Structure formats: structure tokens, C-alpha cells
DNA sequence: CCTACCGATCGGTAGG
DNA sequence: CCTACCGATCGGTAGG
């Protein structure tokens, strides 16, 4: 009996892990955490469900590992945009235009992190999100405040981190009617414009 | 055999239905749709789970009935505030201050409506929400545009419905750090102020 | 990497 | 309004 070490046609493959993460990303981003069962992921990978557990200890670990890859990708793009030699508003527009393409559905993701992960996994993802995504964007807002361009908290504005979370809420247009035919680039530009200038009519012409 | 009509100590009670809705509202608003099982609701009401089905055909029906009561309450308060003789910005502040108290967690509710209800129930709730909540607030934005106070879509602004959804997204501060010690009234005022004037520094002093 | 299976939980029904 | 129970699905494990 000691001939069964587990060496089928494709066992312990190191690339299967990447396939799982790829498939999991697509499914989790489309449907959220709960509705995507470990059996769904396995089937989409062409393996059985228990085989998943040779690469990840729990379903939560699959989700977190996938999220980490997404955050790393996003971080690279953010650093690139934030470091450009452009005005703060211009760079805010660039960031806002890039985010929805990489991000897909931030609202769903926040919901899953809050409600489906246990405390350790929640801590891990929250920290990574803060460092890789929030921090770069917040530095942009901070720069605008240092220049006197943006209102600081004591001038009726927000601190840099609050402003960043607000930007995320603005960009999230799921459930808004008419969001289908509007291009996401137009929407991003519009939201940044309103965030900067507000809805009140500017008086540079007449009324 | 026609002696079993079902008449235990407390059967078919008409007030049990109200108790169920009351309990369901508390649980659903605290935890969301999925985690609150029909057994939880029944236990909190002091009855068994199958007894629920004497008052509601499905779990979704409980949720929708509860939502309808909340929307009706909210509608009354909105009509009252919107009809006041105050400026549009003042009434927007009043509405923004009232919403979080009645609403609790709009993000969770939207998520549940989208992901946990089937198409008929989703339609029902979406229509009620649009008519009882969105419409009154949108009329306020429309009034502001008619006065030339707020930017219309062709002036870089939003139409009244889009502006209303945006207001909801602004008021939703779940997950924002520091949202614990900030009073919800302060937060509401701040968000309306930013929605109206933006984050750009106004030049009415120097700089 | 597989087959087989566990314990738990769910919404809902049968039958009285 | 109750007891008892159904069929389905879930995450995860045993054992090879």
C-alpha cells in the first residue's frame, strides 16, 4: 500500500494555483463571495472541489490571495499616475479614470470583506488595501491641500483619507439608472469635477 | 374530521404579523438578509419557524413587507421636509440630516435587494423606493436647477435623479475610518456642503 | 489529484 | 400554532 504517494497525471502542479486564482478572481468579481461556492471554482478549473484544498486551506484564503494580487496590480498603476508631473486635479482625473477598469465593483468587495471574512482575514485585507490603494491617492489629496488648492478639514473640507474614501463612493455607480449607456470615462470625469467644484452654479458668466 | 380548523391558545393572531415585521426589521437592518434565517426571526418572536409561514408565504415576502413599512415612514418625513418654505440648500441639509436616522444602512439594503431577491420582488421594491424616496428628493434638486442655482446636466451637473443617488452615496459612510466619533448630523452637513461647493478652495479671502 | 462522505444550515412542506 | 421532516447546498475532511 505504500505505493500511493499521490502522483496522478497532474498532481501538486504549481501552475494550478495560478489557474485557481485567475478563475476565482473572475467569479468572485462577477458574483461576490457567498454565491461562488468552492465547487463552482473547482468545476471552472476542471478539477474536483477537494483538490482546491491542496493549494489553499480555506475558501477565505483563496479570496484573500486573489485580492492581494489585484491590490498589487492596482498599486503599481496608482504609483505611476500619482508620480506624474501634472497638476493635482489632472492626476485625480487620471486616477478616477483608471480605477473602475481595474476595480469592477468596489461596493461588492467592501461588503464581502466586512461580512464574509473572519477577523484575521479582514485585518489582512484592510491593511493591504489601506497601504496599496488608499495611501497613494490620499497623498494626492494631501498635496492639493498643502498647495492651498483644496479645503483642509478646518476649512470645511476633509482630511486626505476621508477624501479618498469619498472619491471611491462617488465612482461607485452601481444601481444608478442610466449607468449602462454612460461611458465609465465620462462618469469618472464628471464625478471628479463635482467633487472639486460642487453642484452650485459657478458665477463666471451671468445667471 | 372537519373539527381541525386550527385554533390553539394563540392562533391566526392578527398582531403576530406586526410582531414579525417589527422583529424582522431590527434583525434585517442589523445583519442583512442572508444571515438572518427564518429560524432566527421565529425564535426572536417566540414562535416556531413553520409558524412564520402562516403569515408570509416566503422569507422574501417578510423582507419586502418590512421594507414597504420603512419606505412609507420615510416618505412621510420626506414630504414634510421638502414642502417647507426654505431655500433648496437648507432643505437639502434637512433631508440629509434626517435620512441616516431612518435609513441605518442603505448600502446593505441595496446589496440585499440586488442579490437576494428574485425579479418580481426586486421590481416591487425598486418601484416603491423610486416613488417614495427618490422622487421627493429629486424634485428638490429639480427645483434648484429651475432656479438656476444648481448646474443642470448640460452645465456639467447631473439630472435630478442622478443627483439624488449621488447624495445617497455621499451619506453612506460605512467603512470610513473615524466614522464612529463623528456625529451623523455633522457628517450629513459636511457632505451636503461638499456636494454643493466642492473641495476646491473658494477665493473669497486671499490666496 | 480522486471518491466518498461528514455535520451543519437553509427555506419550505406535511399533517395534524 | 406545533412536531417532524424533506431536499438542497455548503465548507471541509478521510483515506487512498
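Protein chains in written order, with the numbering used here: chain A, 172 to 378; chain B, 172 to 378.
Beta carbons are placed, not taken as given, at the ideal position from N, Cα and C, and that holds for glycine.
These numbers come from a predicted model, not from an experiment.
In the DSSP assignment, residue 321 of chain B is bridged to A:371. Looking from the CA of residue 196 of chain B, the closest CA among B:210, B:227 and B:241 belongs to B:241. Among the residues of chain B, those whose CB is under 8 Å from the CB of residue 364 of chain A are 327, following chain order.
In the structure shown, the three-state DSSP call for residue 206 of chain A is coil. The C-beta of residue 286 of chain A comes closer than 8 Å to at least one C-beta of chain B. With respect to the C-alpha of residue 362 of chain B, the residue from B:203, B:206 and B:265 having the closest C-alpha is B:265. Of the residues assessed, residue 186 of chain A falls on the exposed side of the cut-off, its CB having fewer than 16 other CB atoms within 10 angstroms. Here residue 244 of chain B is exposed: its Cβ has fewer than 16 other Cβ atoms, across all protein chains shown, within 10 Å.
The alpha-carbon separation between residue 224 of chain A and residue 204 of chain B amounts to approximately 29 Å.
Ranking B:309, B:220, B:297 and B:274 by CA distance to the CA of residue 260 of chain B puts B:309 first. Neighbourhood of residue 321 of chain A in chain B, by CB distance below 7 Å: 370, 371 and 372, in chain order.
Pairing residue 340 of chain B with residue 340 of chain A gives a Cβ-Cβ distance under 8 Å. Sequence-ordered contacts of the stretch 233 to 256 of chain A with chain B are nonexistent [C-beta pairs closer than 7 Å]. Counting along the chain, the unbroken alpha helix (DSSP H) around residue 263 of chain B starts and ends at 259 to 274.
Taken through DSSP and simplified to helix, strand or coil, residue 296 of chain A comes out as helix. In this structure, the beta-carbon distance from residue 300 of chain A to residue 335 of chain A does not fall below 8 Å. Of the candidates A:316, A:183 and A:342, A:316 places its Cα closest to the Cα of residue 331 of chain A.
For residue 282 of chain A, the enclosing alpha helix (DSSP H) starts and ends at 277 to 286.
A residue is called buried once 16 or more other Cβ atoms fall within 10 Å of its Cβ, and residue 296 of chain B is buried on that count.
At a Cβ-Cβ threshold of 8 Å, residue 338 of chain A and residue 267 of chain A count as neighbours.
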